[in-house]
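So the structure is just underneath, and the comments pick up after that.
Number of protein chains: 4
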Amino acid sequence: MDYQKILNEIDAELKQTPNSGQVASYIPELSTVDPNKFGIHLITTKNQHHGLGDSNERFSIQSIAKALSLTLAFSLEKDQLWHRVGVEPSGTAFNSLVQLEVEKGIPRNPLINAGALVISDVLVSRLSDPKKEFLEFVRSLAGNPAIDYGSKVSASERVTGYRNAALVNLMKAFGNINNDIEEVLDFYFHLCSVEMTCQELAQTFLYLASNGINPLTQKAVISSSKSKRINAILLLCGFYDEAGEFAFKVGLPGKSGVGGGIVAIHPNQFSIATWSPKLNSKGNSFKGMKVLELLTTKTESSIF
Amino acid sequence: MDYQKILNEIDAELKQTPNSGQVASYIPELSTVDPNKFGIHLITTKNQHHGLGDSNERFSIQSIAKALSLTLAFSLEKDQLWHRVGVEPSGTAFNSLVQLEVEKGIPRNPLINAGALVISDVLVSRLSDPKKEFLEFVRSLAGNPAIDYGSKVSASERVTGYRNAALVNLMKAFGNINNDIEEVLDFYFHLCSVEMTCQELAQTFLYLASNGINPLTQKAVISSSKSKRINAILLLCGFYDEAGEFAFKVGLPGKSGVGGGIVAIHPNQFSIATWSPKLNSKGNSFKGMKVLELLTTKTESSIF
Amino acid sequence: MDYQKILNEIDAELKQTPNSGQVASYIPELSTVDPNKFGIHLITTKNQHHGLGDSNERFSIQSIAKALSLTLAFSLEKDQLWHRVGVEPSGTAFNSLVQLEVEKGIPRNPLINAGALVISDVLVSRLSDPKKEFLEFVRSLAGNPAIDYGSKVSASERVTGYRNAALVNLMKAFGNINNDIEEVLDFYFHLCSVEMTCQELAQTFLYLASNGINPLTQKAVISSSKSKRINAILLLCGFYDEAGEFAFKVGLPGKSGVGGGIVAIHPNQFSIATWSPKLNSKGNSFKGMKVLELLTTKTESSIF
Amino acid sequence: MDYQKILNEIDAELKQTPNSGQVASYIPELSTVDPNKFGIHLITTKNQHHGLGDSNERFSIQSIAKALSLTLAFSLEKDQLWHRVGVEPSGTAFNSLVQLEVEKGIPRNPLINAGALVISDVLVSRLSDPKKEFLEFVRSLAGNPAIDYGSKVSASERVTGYRNAALVNLMKAFGNINNDIEEVLDFYFHLCSVEMTCQELAQTFLYLASNGINPLTQKAVISSSKSKRINAILLLCGFYDEAGEFAFKVGLPGKSGVGGGIVAIHPNQFSIATWSPKLNSKGNSFKGMKVLELLTTKTESSIF
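Residue numbers (this note's numbering), protein chains in the order written: chain D, 54 to 357; chain B, 54 to 357; chain Z, 54 to 357; chain X, 54 to 357.
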């Protein structure tokens, strides 16, 4: 498969289409990004690289980081993890308190905000220096010790993160948060602020296309079985209220962030990252969704 | 009407009935109260006093205080107050986040927790020393400068009040809280900790049976029109998810608290306070509800 | 109290105010009414009559009839009636299936559509010829044998009443409807189609201002205790999602219908009916609400 | 891969485990089935057959038929189909009216009852003799003209199907049902009553493992792209409120029915059908779920 040619075709086609949507504005630090940034990077499991556009410029990966904190927590915990967070699609907006209240403080899955806060609580319990150790984990996946938190973004999040504070307080009321609320929120806001390029992002997630093996080190990040399960969660829950639409039109496990990034995985074939800051009404990158839809249409290939 | 005779009859009848229910246990300081405490005090608008039992022992008035903070806020604010909180019954449990999320951070009424937190925010904005001035307001109604906050209870609330913290954070996310969250919560937990006897409680609420006039000072606490409107809110919203049941069986405006107290008002006739710590499944005093039902049955008199 | 003078003043004031709102359009037969129709009729418990405008023209009383079917059912049943329908405000729109599903087919109160369908089912079980006997009941209250169903309206309802069919099927699924669905719906659509003038409506509801006694016959329609309880239900549940607003601003038990009618009761004083077809966004007559608000403001008199 | 050996191992293992759960009892005709029935049949895309147990005994396929009616409707309609029904997981119980009301009569996906009723409405509009033509469609997939509706089951469904009648009436109220309600329900109850053996069921669904081609006729049932999309819907929505759990543990698109059947597809590899009437608390066959979980564990193979 000549992926470079396909990516170039997609790029050419999308130049004909207006780039709709709005840049995320709820955090000041996100709203200042150039809305016309656009990058793609694809890495095959045979280590072939294909990219274009602004694929070497860093941006805030935001919720994409939730797949990484999930991986780290799942590698440290056994199945009792799933007593504290479900694996079902949420069926409602990504930060809904309604579901959380009805289901007694157990979030539907680890990729909605509430679930990611529970995962953060797990890591705060498990790690002696959570922020440092999480960053090391991400750096080892990306193969780049320069990956870091975006300090302005995490500070910005803390100031406006009242809804996340509501979520974590509610779960604490239900007994599903063990640590100090401020410590959990601080860790959570940091992990969402990690900055990467498309290339780094595609590299970081390649273990999910490789049965849990980090291709850079040949070491297991997580077992093959757990790797498949994370892919299942990504497919069902990775795109907020648009997960079904993404599975329907693209057919790959993936995760998006409000910074405009999307990462998707074709098991045993490739991982791909896209970046375009304008978001559709569901909070997913408008152009990134189009790229991935065109990719699986042109390759006539999805997990289905 | 010989109210003392009627109260004695009620007392005698209730001695035949088992006192069901559970003492509130979510705050340690509340759970240690003697479950068999029982007091009634009724004061007519002609200043006749009738009481029995433990009517001169102080207890934590809890949510009953929300009617007082509402009165103070309504006396300071014009109708724009009702842009921030509604006057509709909640139709769901008293601390539901579901309704608050669906209705964009506007609580249904000022007597549910969320609404009382908005009222607290109003008072924190309006008063220069909110805790001190609120206490002075209550003392002037009770005619007793010894009325005070129960410090153990308010501290206890703060430790376990994660759900209230969730509510106030959610409303802050919707832009409906103007002050610092900790300051609003601190004021709220204090007002709920006020301690009174049945006699003091009946005295305190007599202004609502007297068209807004404090009978002790003959000064207007609030206008006659606003006094009627507070009574309307009490009737519709004063008993959590059991407001309809109370209106149906008792037919008086009133307010209950999880400390086991209930206050009720018959406009132009009397105010009455009861205390019995065991709560029914809806969170209202089991025996207090019975007292008031028997009272309006025996007097064949309600607002309807 | 010179009620005629007050009504004339209200009429004069409202002529200065634009008459907002929309005539109900979901049934063709309702949408053809002249939107400028306007009538008031007040009858005191001493049988003094005061009226103005189109107070002797008949209109479809719609949901107001639900208070009458409730009265008839409550007079026939004991308290077990309340195992099948609650007495709590609904807190949501008047025909919501959400609440009904969450609460296992038990409607919150007898004045929302679901509750009125349960009351209809009770009457279908209890009466040998339900439509005939209900009409006789209404005629005896109105003192007029010419009162009748509006046949075009009831036929019109049946054609478009899919939401009511959904409600009754859902309750049947929960075991809370005993009779044939079509028979219950037919009775329900008929009772909502009853046509009356303001004068007839005020006369019909005078028993609720008279402790359950029909002033025309001096016979008890229902016991005094039950009469008070129906007033309590009217106050809490009579105006859909605007019940709190009505209690707050008007302070009287009442019931509205989408035909533009409203009836309100001041116990031991009067009953009043208004008619103006334009409805506010909550489905209550815009001008009728204003009339009643002005009435209790000018008389400085409400149940509170 | 020696599938027969693996199936035999699974069978042996499951004999060591208690068979939990309850046979569906809401329809009398389903409750009389022998709870110990157990069959498996797997067919590879190379037409290899492997089976065991009661795999040649017919049972009521129930909701599994919804995947077939969806296929037929999707083959007849263009993308405007998705204006009437979504492709998102439901996040709530399979027959919830709550979601339907909130989302204005548009079901979340075509596999919940409401969505299947919309699909039925589409087929009633599109086909001249819907019941006959649907049966022919199923027979051509199964390669067996003896496949038929279970008349007792469909009659039984009609009698108790009040909740489905509620759903279809509610959608009609929202304008999302075009045909007569009784005709839609009759078609729906028939399609759910189709009876097949495990072998017939596996054969019938083999087109979804074969890019939309019926292997028996080599004709396209549906385009390759649409076939992938149906698989995506099956993965996200095929197991009621347990879809995430199934994707997480099994990792294959599939569909279950309350008759105890499950069908699952591994694209380009096989289709498999299981039958065991005892259902877990989510309404899916307890033993069938175990079979499929063991299958993908033992083969270390899923779509992820």
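The C-beta atom is built at its ideal place from N, Cα and C for all residues, glycine as well.
In this text, all values refer to a predicted model and were calculated from it rather than measured experimentally.
For residue i, the residue or residues it bridges with in DSSP
| i | result |
| --- | --- |
| residue 342/B | Bridge partners of residue 342/B: none, in fact. |
| residue 23/D | The structure shown does not extend to residue 23/D, since chain D is modelled only from 54 to 357, so the question has no answer here. |
| residue 309/D | 315/D |
| residue 92/Z | 106/Z, 328/Z |
| residue 79/X | Note: residue 79/X sits in no beta bridge, so no partner. |
| residue 215/X | Answer is none; residue 215/X lacks a bridge partner. |
| residue 241/B | In the DSSP output, where bridge partners are listed per residue, residue 241/B has none listed. |
| residue 267/B | 272/B |
| residue 202/B | 247/B |
is_contact[residue i, chain D] using C-beta, thresh 8 Å
| i | result |
| --- | --- |
| residue 294/X | yes |
| residue 323/X | no |
| residue 140/X | yes |
Extent of the continuous alpha helix (DSSP H) run through residue i
| i | result |
| --- | --- |
| residue 257/X | 251 to 257 |
| residue 168/X | 166 to 179 |
| residue 260/X | Note, residue 260/X: premise wrong, no alpha helix (DSSP H); not H, not E. |
| residue 130/Z | Residue 130/Z -> no alpha helix (DSSP H), and no H or E assigned at all. |
| residue 60/X | 56 to 68 |
| residue 286/Z | 277 to 290 |
| residue 187/D | 183 to 195 |
| residue 101/D | Segment: none, residue 101/D is in no alpha helix (DSSP H) and carries neither H nor E. |
| residue 302/D | 296 to 302 |
| residue 152/Z | 150 to 155 |
Cβ-based neighbour list, residue i, same chain, cut-off 8 Å, excluding 5 preceding and 5 following
| i | result |
| --- | --- |
| residue 226/X | 158 |
| residue 100/D | 268 |
| residue 162/B | 138, 139, 140, 141, 142, 143, 168, 286, 289, 290 |
| residue 200/Z | 188, 191, 192, 247, 248, 249, 253 |
Beta-carbon contacts of residue i that lie in its chain and below 7 Å, excluding the five residues immediately before and after
| i | result |
| --- | --- |
| residue 229/X | 137, 158, 159, 171 |
| residue 262/B | 98, 318, 319, 320, 321, 322, 323, 324 |
| residue 349/X | 303, 304, 305, 355 |
| residue 264/Z | 277, 280 |
CB contact check: residue i to chain Z, cutoff 8 Å
| i | result |
| --- | --- |
| residue 355/X | no |
| residue 258/B | no |
| residue 280/X | no |
| residue 288/B | yes |
Contacting residues, own chain, Cβ-Cβ under 6 Å from residue i (five flanking each side not counted)
| i | result |
| --- | --- |
| residue 155/B | none |
| residue 279/Z | 127 |
| residue 206/D | 82, 113, 246 |
| residue 63/D | 344, 347 |
| residue 92/D | 106, 107, 108, 251, 328 |
| residue 56/B | 95, 103 |
Neighbour flag for residue i against chain X, beta carbons, 8 Å
| i | result |
| --- | --- |
| residue 137/D | no |
| residue 320/D | yes |
Within-8 Å CB hit, residue i to chain B
| i | result |
| --- | --- |
| residue 91/Z | no |
| residue 329/D | no |
| residue 149/D | yes |
| residue 291/Z | no |
| residue 275/Z | no |
| residue 305/Z | no |
| residue 19/Z | In this structure chain Z extends from 54 to 357, so residue 19/Z is not present and cannot be described. |
C-beta neighbour in chain A for residue i, strict 8 Å
| i | result |
| --- | --- |
| residue 330/D | In the structure shown, chain A does not exist; the protein chains are D, B, Z and X. |
Check your understanding: For the region 151 to 182 of chain X, which residues have a beta carbon sitting closer than 9 Å to at least one beta carbon of chain Z?
Key -> 151, 153, 154, 155
**Study point:** Contact residues within the region 200 to 226 of chain D, judged by C-beta distance below 9 Å to chain B
**Key:** 213, 214, 215, 216, 217, 218, 219, 220, 221, 222, 223, 224, 225, 226
Review point. Using Cβ-Cβ distances below 7 Å, what residues of the region 109 to 126 of chain Z are close to chain X?
Key: For chain X, none of the residues of the region 109 to 126 of chain Z brings a beta carbon within less than 7 Å of one of its beta carbons.
Review point. Given a limit of 7 Å on CB to CB distance, which residues of the region 334 to 354 of chain D reach chain B?
Key: none
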